[in-house]
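Residue numbers (the working numbering), protein chains in the order written: chain A, 977 to 1269; chain B, 977 to 1269; chain C, 47 to 431; chain D, 47 to 431.
Given below as structure tokens:
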């Protein structure tokens, strides 16, 4: 996976004229991110917040600003097209925050993104933040992050914040935090992110937060075993107390078979050499132990 | 384009129990090709010609014989599925002789082949022959070919034979001859083959035979210019006397605009440094001149 | 979104997938009428949004009017539970009456998305009529999973493979191909998230028939599926879940005593785990969702309070767009409206205006414990055991 | 395979693409009747498989019964030629009578496969109503070509781009999207090889309407398109081409004097070029095709002989599965049956049993020159000028 999230990253915000898009565009800018343009079809020509130019199409925005990354907030029915437009325009990294994209659309979009070599993160994700380079492309509260050497990956937004809040409060900083999204089909998998963290020199420790449902955590474990990973990983699986057959908010978090259960996931990760976090309140405690080992 | 057509190539024939498939399977074997299996769903367990085992599926055939290449003769309505089955089974090179495959099917199959990194030649093509290694995977008359250093590429079967017949009669041998097929959408383009020839040490000269219709020849010319090709190429375009709007046998050979005309193609190729063959009877004459230059 | 078996079968009919002759009935008279016209024997099937009906008598072959009457009296209008319903009750409003099919073989077939290969997958087994999870754990070799390429759809070579895996004779290939192609069309056209036929049978006239039918739909695609929305049977769903869903709140009723209000699905699950880890049981899953305002927060609280089992309410919020002071006021609105004694509250707030939020709440007349982190929540909960 | 404009418009109607109110008529009375019911003004359009009808009067706005009668008398049942028909004549059997449309803008839209990008492409231009090749050469910047991704179909961002390229106001986007999506559906469902609307107009009620319609179909897909086969109008096709096609022989009648029989499309074109290079003109294109036997070869020869313009027949064969001796006998069968003086023959045969084939022919009573290669063919042809 190619991923460049740093102080040089130039970001356009699709859906900047919407409430959420506008709010977070400014929050990202405040954090330090270069927000170079917004895109809303039919609203080209405006200046958002008196400073960010709005264009009718991603083509135009990219052409005028040389952006390489897109952050998407447009409503679910229009999000697939927004992603496709970014891909077609030559954007390298697409981060889709939008929640509620139909799975059948994501099957198509996943394939188109792969075909074009585009890194798609999400949908239904909190985005990516690089505290070292002061680049936040997403909706996470910037002030809880601190620069450091721990990479955090999770399906969930607020659970990422929980982990980061615990870490930062113990003085443990983060190199990069990625929320891959809670849907069954997302553009970037755990494996992609783990692979990235493991070869990233700035990341020395990894926090991996999985959930019930699907087999993505087991696949990640298989991957770790296959590459004989030695970078320390602390892993938490949430949802052990969720009942079968119910959708726990995330479309992917439904236990439909043995594999979907927390126990199976924990066993796989343990087997792959991960340090299992026994309780959601003990994320930073476990990481600290690993660091001080 | 990955292409391995040599004495080690192991070929299965899909549709071996049909009239054409059976005839050409034996002709290929006679020429020296390793025909390791045949495939006809529902006829598994037979021995074709008392020597070649027939299987129900490509999976089974590949599993049992370790074949890497498939030669397809099944009728047009079933050819797309035959190609897909080969791709899915892990066959590396698929050569489809079948004529009359719907274009809309080929759009899909082209993409699937690319996705799997499979080299698909055809459909509606004569196949590939390597006279140096005595490997023929196709329907060309083997006896007109002779080993040498000229690569031949054409959309057409009999026109390839014409070129080779002229060459061999003058004692000019061939390194590899590929018929890419006469349909609008084919798995392997002129560019793919030219690229292969140009980097192939055994090929010192190239005969390029194009036709009216489409813009594939112009694209090939653009490609040659873009790489500053220096390998000598003799190029013939046929169909200058064909009227507009009529399909000259090949589904791709319909003049629908300026680009489709022979003149436009000849000019492009001339511009790209090709030696233009002025008359279909002078193919070998021009090649001889180039060699003796 | 779930639908009933009879509705799934009607969709099958639209897609030319054969089903047994059957009629949906709302009362005893209708069932008796159908019974008389059909035959000496019919199969009666209660229509509820729950699996495992057969094991508790909800599917029955009946051979007399007497048996028909007994079945109807036993189930119609009554609550229904199975091993798979986790103490929830489903009202039986309809019974499907079907002609008996002669069964020569029973197979299993399902279509669903696997997030790992980013495809719709066909899953088949020749061991139909059994619990598929049991088959998967006991005879894993008798399950075949094939991913469907989005470009081509199910291919003929895949269908040939399935035909032989199901041990069907070659002559069934054409029928099977039509079924699989049409199931896939149905899956895509209607934005399904699961189609399951268990069993798919061969009868003694050489037909392949869907004896059972289960379809669920992608909730995220309902906005573009008007006809599917029309199939929704609210009588099979939890009233509070329906009402909160309209506001974008994801609430799922569970059986414990600790109600919880969280923003974010992941954190909500983690919070449930914290409750469990403290020896208590969550009364619900609740994710307030994005774009929450005072009204939404207040409705979330009301939903939790509406559950009679709730003894403690645990609030775990990360303020972002949602300001904690706004949330605090929302909670108080709902608590003030609540006409019984308010349960104890455990509150953890972080992020935007959290200090103000906590101040507002601490000034209220309710019994509140504040926690700084998940561990403190645990500690407080343990005292409530 | 081509169809008539009125048939293409009926397909448009099926796919909810708006067309002008119109009626297809087979005789003068029908036209007059429609004329009276429609209005004072109607447009009459001859229905033939030929482009460029307008420039030779085949499309006309008429304002009186007198004009209707004149138009019908001039064209109905008569042969029709345009600049694009290369001396072929097409019989006018039907006339399309359409209500006059108010035109606010004229655009061009087409869908076709481009072998270079292995995709269906949408081609649009705001310069509608003109010859698109002329537009392409004079104003290349006013043509936009967008490839359609097979996975997604035409996307909304592409349609927005087209809407603005066609200089449509934003309000037209929804209409245009429906048109483009439905054209693409039609293209795939019916295995088209071209759909062209020129012009696509905006009328003064704000509707987008297909004023003209051209559809051609992929001949290779006709085997699975029964409904399309039913649209074939054999009266617009060459009889000999139809008959030979049934045998798998690809024959196309041209205007020269040298008939030719070749195996392989590429070699057949090369052979035509050789004829041309000798200062003569080919009377036809003919590719015998695969799996030729004596009968097929004989029928190919008969087809060539049926053309009254043929003075010389040139045979250029590469024997493979087809043995040259078998072919030789086939040619003789047809020549022997031919009831006029047989034309001169130039024969080149290579491959399987070519010596035997040449021997059989040289022993016959026909006037035959043998050639060893294409250059010798040229030399012989030059003597026939």
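Yeah, the Cβ is synthetic: ideal placement off N, Cα and C, and Gly gets one too.
Check: Within chain B, partners of residue 300 of chain D - CB distance below 8 angstroms; Outcome: 1219
Check: Cβ of residue 331 of chain D within 7 angstroms of any chain B Cβ; Outcome: yes
Check: Buried versus exposed, by CB contacts within 10 Å (16 or more), residue 1048 of chain A; Outcome: buried
Check: Residue 328 of chain D in three-state terms, based on DSSP; Outcome: strand
Check: Every unbroken alpha helix (DSSP H) inside the region 221 to 293 of chain D [4 residues or more]; Outcome: 272 to 275, 285 to 292
Check: From A/1259, A/1263, A/1211, residue whose alpha carbon lies closest to that of residue 1243 of chain A; Outcome: A/1211
Check: Residue interval of the beta strand (DSSP E) (run including residue 84 of chain D); Outcome: Residue 84 of chain D -> not in any beta strand (DSSP E); alpha helix (DSSP H) instead, spanning 74 to 84.
Check: With 16 other Cβ atoms within 10 Å as the buried cut-off, status of residue 274 of chain D; Outcome: buried
Check: Residue 1091 of chain B versus residue 1084 of chain B: straight-line alpha-carbon distance, rounded; Outcome: 11 angstroms
Check: Residue from C/288, C/309, C/325 whose Cα sits closest to the Cα of residue 302 of chain C; Outcome: C/325
Check: Cutoff 7 angstroms: residue 202 of chain D Cβ touching any chain A Cβ; Outcome: yes
Check: Beta-carbon spacing of residue 1149 of chain A, residue 1117 of chain A below 7 angstroms; Outcome: no
Check: Cβ separation of residue 343 of chain D and residue 389 of chain D, assumed to be a contact under 8 angstroms, to the nearest whole Å; Outcome: 17 angstroms between Cβ atoms; not a contact.
Check: Strand pairing of residue 415 of chain D, partner residues [DSSP]; Outcome: D/392
Check: Integer-rounded CB distance, given that residue 204 of chain C should sit under 8 angstroms from residue 192 of chain C; Outcome: 5 angstroms
Check: Residue 111 of chain C, buried or exposed, once every other Cβ within 10 Å from all chains shown has been counted against 16; Outcome: exposed
Check: With 16 other Cβ atoms within 10 Å as the buried cut-off, status of residue 1166 of chain A; Outcome: buried
Check: Endpoints, alpha helix (DSSP H) assigned at residue 364 of chain D; Outcome: Premise fails: residue 364 of chain D lies in the beta strand (DSSP E), 358 to 365, not in any alpha helix (DSSP H).
Check: Cβ pair residue 1079 of chain B, residue 1161 of chain B closer than 7 angstroms; Outcome: yes
Check: Partners in chain C for residue 1245 of chain A, counting only beta-carbon separations shorter than 9 angstroms; Outcome: Within chain C, no residue comes near residue 1245 of chain A; the closest Cβ sits about 16 angstroms away, beyond 9 angstroms.
Check: Those runs of the beta strand (DSSP E) which lie wholly inside the region 1048 to 1126 of chain A and span at least 3 residues; Outcome: 1069 to 1072, 1095 to 1097, 1103 to 1106, 1111 to 1114
Check: Assigned exposure category for residue 1141 of chain B - 16 Cβ within 10 Å defines buried; Outcome: buried
Check: Chain-ordered neighbours of residue 164 of chain D on chain B, where CB pairs are closer than 8 angstroms; Outcome: 1082, 1083, 1086, 1087, 1161
Check: Residues of its chain near residue 293 of chain D, where Cβ-Cβ distance is below 6 angstroms and the 5 sequence neighbours each way are ignored; Outcome: 342, 345
Check: Through-space distance from residue 296 of chain D to residue 243 of chain D, alpha-carbon basis; Outcome: 29 angstroms
Check: Members of the region 272 to 295 of chain C near chain B, C-beta cut-off 7 angstroms; Outcome: none
Check: Opening and closing residue of the alpha helix (DSSP H) in which residue 204 of chain C lies; Outcome: 202 to 211
Check: Close-in-space but distant-in-sequence residues of the same chain around residue 1152 of chain B (CB under 6 angstroms, 5 per side omitted); Outcome: 1106, 1127
Check: Residue from D/420, D/138, D/73, D/83 with nearest C-alpha to residue 104 of chain D; Outcome: D/138
Check: Contact set between residue 1017 of chain A and chain D, taken where Cβ atoms lie within less than 7 angstroms; Outcome: 206
Check: For residue 1245 of chain A, the three-state DSSP class (helix, strand or coil); Outcome: helix
Check: Inter-residue CB distance, residue 1136 of chain A and residue 1155 of chain A (contact presumed, cutoff 8 angstroms); Outcome: 5 angstroms
Check: Any chain B beta carbon closer than 7 angstroms to residue 198 of chain C; Outcome: yes
Check: Cα-Cα separation between residue 1062 of chain B and residue 1034 of chain B, rounded to whole angstroms; Outcome: 6 angstroms
Check: Residue 986 of chain A - partner residues in DSSP beta bridges; Outcome: A/1010
Check: Residues of its chain near residue 287 of chain C, where Cβ-Cβ distance is below 7 angstroms and the 5 sequence neighbours each way are ignored; Outcome: 297, 298, 299
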